[in-house]
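For the record, the sequence lines run as chains A and B.
This note's numbering puts the first residue of the first sequence at 1, with every later residue one more than the last.
This note's numbering puts the first residue of the second sequence at 122, with every later residue one more than the last.
Glycine included, C-beta positions come from ideal geometry on N, C-alpha and C.
Note that this is a predicted model, so its numbers are computed, not measured.
To keep things clear, I will list the structure first and then write my remarks on it.
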Amino acid sequence: MKTIADIMAIRDKMQSQIIVRDNSDGEIRVVVGMATCGISAGARPVFNALVDEVSTRQLKNVKITRAGCLGMCKLEPIVEVFIPGQEKVTYVHVDAEKAKQIVANHIVNGNVVTEYLITNV
Amino acid sequence: MYRSHILVCGGTGCQSNKSQTIFSEFKKQIEEKGLDKDIQVVMTGCFGLCSVGPVVIVYPEGAFYSGLTPEDVTEIVEEHLIKGRLVTHLLYKDHATTQAVKALSDTNFYKKQTRVALRNCGVINPENIDEYIAYDGYQALIKCLSGDLSPQDVVDALKKSGLRGRGGGGFPTGMKWQFTKDAVGDIKYVCVNADEGDPGAFMDRSVLEGDPHAVLEAMAIAGYAIGSNKGYIYVRAEYPIAVERCKIAIKQAKEYGLLGQNILGTDFCFDIEIRLGAGAFVCGEETALMTSIEGNRGEPRPRPPFPAIKGLFGKPTLLNNVETYANVAQIILKGADWFASMGTAKSKGTKVFALGGKITNTGLVEIPMGTTLRQVIDDIGGGIPNGKKFKAAQTGGPSGGCIPAEHFDIAIDYDNLISIGSMMGSGGMIVMDEDNCMVDIAKFFLTFTVDESCGKCTPCRIGNRRLLEYLEKITSGNATMQDLDDMEKLCYYIKENSLCGLGQTAPNPVLSTLRYFRDEYIAHIVDKKCPAGVCKSLLQFTITDACKGCSACSRKCPVGAISGEIKSKFTIDQSKCIKCGACIETCKFNAIVKK
Numbered sequence: 001m002k003t004i005a006d007i008m009a010i011r012d013k014m015q016s017q018i019i020v021r022d023n024s025d026g027e028i029r030v031v032v033g034m035a036t037c038g039i040s041a042g043a044r045p046v047f048n049a050l051v052d053e054v055s056t057r058q059l060k061n062v063k064i065t066r067a068g069c070l071g072m073c074k075l076e077p078i079v080e081v082f083i084p085g086q087e088k089v090t091y092v093h094v095d096a097e098k099a100k101q102i103v104a105n106h107i108v109n110g111n112v113v114t115e116y117l118i119t120n121v
Numbered sequence: 122m123y124r125s126h127i128l129v130c131g132g133t134g135c136q137s138n139k140s141q142t143i144f145s146e147f148k149k150q151i152e153e154k155g156l157d158k159d160i161q162v163v164m165t166g167c168f169g170l171c172s173v174g175p176v177v178i179v180y181p182e183g184a185f186y187s188g189l190t191p192e193d194v195t196e197i198v199e200e201h202l203i204k205g206r207l208v209t210h211l212l213y214k215d216h217a218t219t220q221a222v223k224a225l226s227d228t229n230f231y232k233k234q235t236r237v238a239l240r241n242c243g244v245i246n247p248e249n250i251d252e253y254i255a256y257d258g259y260q261a262l263i264k265c266l267s268g269d270l271s272p273q274d275v276v277d278a279l280k281k282s283g284l285r286g287r288g289g290g291g292f293p294t295g296m297k298w299q300f301t302k303d304a305v306g307d308i309k310y311v312c313v314n315a316d317e318g319d320p321g322a323f324m325d326r327s328v329l330e331g332d333p334h335a336v337l338e339a340m341a342i343a344g345y346a347i348g349s350n351k352g353y354i355y356v357r358a359e360y361p362i363a364v365e366r367c368k369i370a371i372k373q374a375k376e377y378g379l380l381g382q383n384i385l386g387t388d389f390c391f392d393i394e395i396r397l398g399a400g401a402f403v404c405g406e407e408t409a410l411m412t413s414i415e416g417n418r419g420e421p422r423p424r425p426p427f428p429a430i431k432g433l434f435g436k437p438t439l440l441n442n443v444e445t446y447a448n449v450a451q452i453i454l455k456g457a458d459w460f461a462s463m464g465t466a467k468s469k470g471t472k473v474f475a476l477g478g479k480i481t482n483t484g485l486v487e488i489p490m491g492t493t494l495r496q497v498i499d500d501i502g503g504g505i506p507n508g509k510k511f512k513a514a515q516t517g518g519p520s521g522g523c524i525p526a527e528h529f530d531i532a533i534d535y536d537n538l539i540s541i542g543s544m545m546g547s548g549g550m551i552v553m554d555e556d557n558c559m560v561d562i563a564k565f566f567l568t569f570t571v572d573e574s575c576g577k578c579t580p581c582r583i584g585n586r587r588l589l590e591y592l593e594k595i596t597s598g599n600a601t602m603q604d605l606d607d608m609e610k611l612c613y614y615i616k617e618n619s620l621c622g623l624g625q626t627a628p629n630p631v632l633s634t635l636r637y638f639r640d641e642y643i644a645h646i647v648d649k650k651c652p653a654g655v656c657k658s659l660l661q662f663t664i665t666d667a668c669k670g671c672s673a674c675s676r677k678c679p680v681g682a683i684s685g686e687i688k689s690k691f692t693i694d695q696s697k698c699i700k701c702g703a704c705i706e707t708c709k710f711n712a713i714v715k716k
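Encoded structure:
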């Protein structure tokens, strides 16, 4: 037997898990290069860290997707952030920790994390 | 936390195309690759695009794969899930552009739809109550039980929303709830009519298969509103997946205390049982349905008294269709004004249609009331295949009528359809092109109603059989113009004198085709010709001068009716010809015609 509070708790827990299925327009896209080069350089933990961070923060308009090889294999893992109306931002040599900072600083607070940018390489 | 979700359609259409195998194959391969912690495989209800099934959506990309076979799974796992590259050649191709369309929401088929009753179909796992709760499931019930809405508030909200019965009649739902609420009785019942019997209709099945909790929640709300604590789902046994998912849903809801005694710790108690129908069309009629639930032979009885006063087991009973219930929780949550903002003056909200017949995108669509037939057929349905011309759309199944091309721009709502001699019906929409003979269509539906007549009243039992005989006479070329007049009179007689809705509406397909296609009837009777080339008795197969004398047709003919000399024109012996059409399919020179 559940109480109303129990049902609400289930709803909140499940909503963070199904965010992945939201496909609405006007959203922020975060693309992780996940070809062989990306994966062997450690893209998978980066991807999982992004997904975790976005769902913990309940960011409904952010979609994490994969892309193939971006052509700069030595800079992998690469993460690109597309915010509607702004220029694309490319981060390189990302790891799980950096991925979390990107979500917190760039996507939530709007400050590009300049030290991980491709222009610094 | 899963980084990717794979949604496999588990509707009946896709399951008959091996979606169950595809589902297990995904599970197996993902486990083998050690990805089962990262990727979740979910079986959902119907997505609506049944013509290109089995369909699968992969999130977060929203990639929409169609027409898959179990062998395609390896490629999607290897390429898409591991390497992150979309498998372009397996993506759904929009028929209009033929470019590979990536996401389901990008297709013309979906863009023009508004999904209210089907909102969770193809989105959630219907066998997991938590997913329903995640999409605001049971919030409407909580709103009622936590004291925000009194029973009368619920009824008032439905009245204000303008929701009308989606089973076909179009009776205002709020009024029905009010009558049952006001009726005096120690026990009251809440029933759902899931005895969907129209040929080609599968709206209710898809809702029960894709979102069973929506119906359970609405029934509990109805119980709260009218003062009932017992509900019945009457569903046909031919819907095994729907029945199974309802059973699972009821079990889960009981475990969570959303059904049963003292729901969510309040005083409100409500329980639901399933009753299986044996598939008789007449049991979709409300009085016959209740007689069947009581354990008797499913036969209608005269009304009044209406079920709201004296229904199941002689007690006040609220009986609504599946799709009607599927709208209720949304109206309570989003408000009557939100619902009333969709649709036309007298028909609010949306309507689900099962598109079938000569149409590119066979499947399930939900449109706001007031959408034109042209938008449904050309934009959402993808038009008529093979460059053929639209002739008519049949709505309302055996009780309805046809909408001819001259009304192609009619806004679909209850009153408009009745004004042109058709009806909304439960939502079957069968599209016909120039190759369909309208007399033959009327005959098809009459054959169905004659089969399904319960036999209780004479006008329906005998009248419809005589009516069918007239149609057989016409299609075999033996009728006179006098027969046509007599047939029309008989139609009105049956309509006026039958006991229940089945008999009262059975002549509608004949009357409506007579109204718009009388010339076709006359062509059958006077010229002894079937203009569409369907009625076999009136056709003659002949070989034209285009014949090269290759003898392919004579070798194919099963009765040896074709003869001739090689390299000169062959002929068909009309006394032997059985009009099977094998010769036409064989001929490489289009030298055989039927007319």
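Distance between beta carbons of residue 414 of chain B and residue 393 of chain B, contact taken as under 8 Å: Not a contact, Cβ separation roughly 13 Å.
Please classify residue 210 of chain B: is it buried, with 16 or more other beta-carbons within 10 angstroms of its beta-carbon, or exposed? exposed
So what does residue 444 of chain B bridge to, in DSSP terms? Residue 444 of chain B is not bridged to any residue.
With C-beta atoms as the reference, is residue 460 of chain B less than 7 Å away from residue 467 of chain B? At least 7 Å separates the beta-carbon of residue 460 of chain B from that of residue 467 of chain B.
Quick one: grab the DSSP three-state call for residue 164 of chain B. strand
Take the Cβ of residue 711 of chain B as the centre, count every other Cβ of all protein chains shown within 10 Å, and call the residue buried at 16 or more, exposed below. exposed
Contact between the region 382-402 of chain B and the region 341-361 of chain B is defined here as three or more beta-carbon pairs at a separation below 8 Å; is this criterion met? yes
Let me check understanding here. Comparing Cα to Cα, which of B:232, B:477, B:367, B:700 lies closest to residue 500 of chain B? B:232
Distance CB(residue 505 of chain B)-CB(residue 554 of chain B) smaller than 7 Å: It is a contact, given that the beta carbons lie within the stated cut-off.
Cα separation between residue 138 of chain B and residue 608 of chain B? 43 Å
Using only the alpha-carbon positions, how far apart do residue 206 of chain B and residue 182 of chain B sit? In this structure, the straight-line span from the alpha carbon of residue 206 of chain B to that of residue 182 of chain B is close to 10 Å.
Quick check for students: name the residue ranges of the beta strand (DSSP E) that lie wholly in the region 504-589 of chain B, counting only runs of 3 or more. 511-516, 522-525, 549-554
Rounded to whole angstroms, what's the CA-CA distance from residue 687 of chain B to residue 672 of chain B? Just pull it up for me. Their Cα atoms are separated by approximately 6 Å.
Find out if the Cβ-Cβ distance for the pair residue 64 of chain A, residue 51 of chain A is shorter than 7 Å. Result yes, Cβ atoms of residue 64 of chain A and residue 51 of chain A sit closer than 7 Å.
At the level of alpha carbons, what is the spacing between residue 691 of chain B and residue 187 of chain B? 46 Å
Within chain A, partners of residue 378 of chain B - CB distance below 7 Å: 1, 2
Which term fits residue 140 of chain B, buried or exposed, when burial requires 16 or more other beta carbons within 10 angstroms of its beta carbon? Result: buried.
Chain-ordered chain A contacts of residue 125 of chain B [CB-CB under 8 Å]: 20
Along chain A, in chain order, which residues have C-beta atoms closer than 7 Å to that of residue 267 of chain B? 4
Would DSSP call residue 482 of chain B helix, strand or coil? Residue 482 of chain B: coil per DSSP, three-state reduction.
Looking at C-beta atoms only, is the number of pairs between the region 302-309 of chain B and the region 317-325 of chain B that lie closer than 8 Å three or more? no
Grouping DSSP H, G and I as helix and E and B as strand, with all else coil, what is residue 671 of chain B? coil
Excluding sequence positions up to five away, which residues of its chain have a Cβ less than 6 Å from the Cβ of residue 357 of chain B? 316, 398, 400
Spatial neighbours of residue 605 of chain B in its chain, beta-carbon cut-off 7 Å, leaving aside the 5 residues before and after: 642, 646
With distance defined between alpha-carbon atoms, name the residue in B:528, B:208, B:403 nearest to residue 637 of chain B. B:528
Looking at the C-beta of residue 55 of chain A, does it have a partner C-beta in chain B at a distance below 7 Å? For residue 55 of chain A, the answer is yes, since a Cβ of chain B falls inside 7 Å of its Cβ.
Just to confirm my understanding: we take residue 299 of chain B, look at its own chain, exclude 5 residues before and 5 after, and list those with CB closer than 8 Å. What are they? 276, 280
Would you check if the distance between the CB atom of residue 239 of chain B and the CB atom of residue 185 of chain B is smaller than 7 Å? no
DSSP-derived helix/strand/coil call for residue 430 of chain B: coil
Just the C-alpha distance for residue 448 of chain B and residue 618 of chain B, rounded to the nearest angstrom, thanks. 35 Å
Can you have a look at residue 768 of chain B and say buried or exposed, based on whether 16 or more other CB atoms are within 10 angstroms of its CB? Shown here, chain B extends from 122 to 716; a query on residue 768 of chain B therefore has no answer.
Please decide whether residue 71 of chain A counts as near chain B, where near means a Cβ-Cβ distance under 7 Å. False, the Cβ-Cβ gap to chain B never drops below 7 Å.
If you follow the alpha helix (DSSP H) that residue 334 of chain B is part of, which residue opens it and which one closes it? 333-347
Roughly how far, in whole angstroms, is the beta-carbon of residue 578 of chain B from the beta-carbon of residue 548 of chain B, given that I think they are within contact range, below 8 Å? Residue 578 of chain B to residue 548 of chain B, Cβ: 27 Å. No contact.
Which residues, in chain order, does the region 172-186 of chain B contribute to contact with chain A at a C-beta distance below 9 Å? 178, 180, 181, 182, 183
Selected residue, minimal CA-CA separation from residue 46 of chain A, among A:75, A:88, A:98, A:18: Per the Cα distances, A:98.
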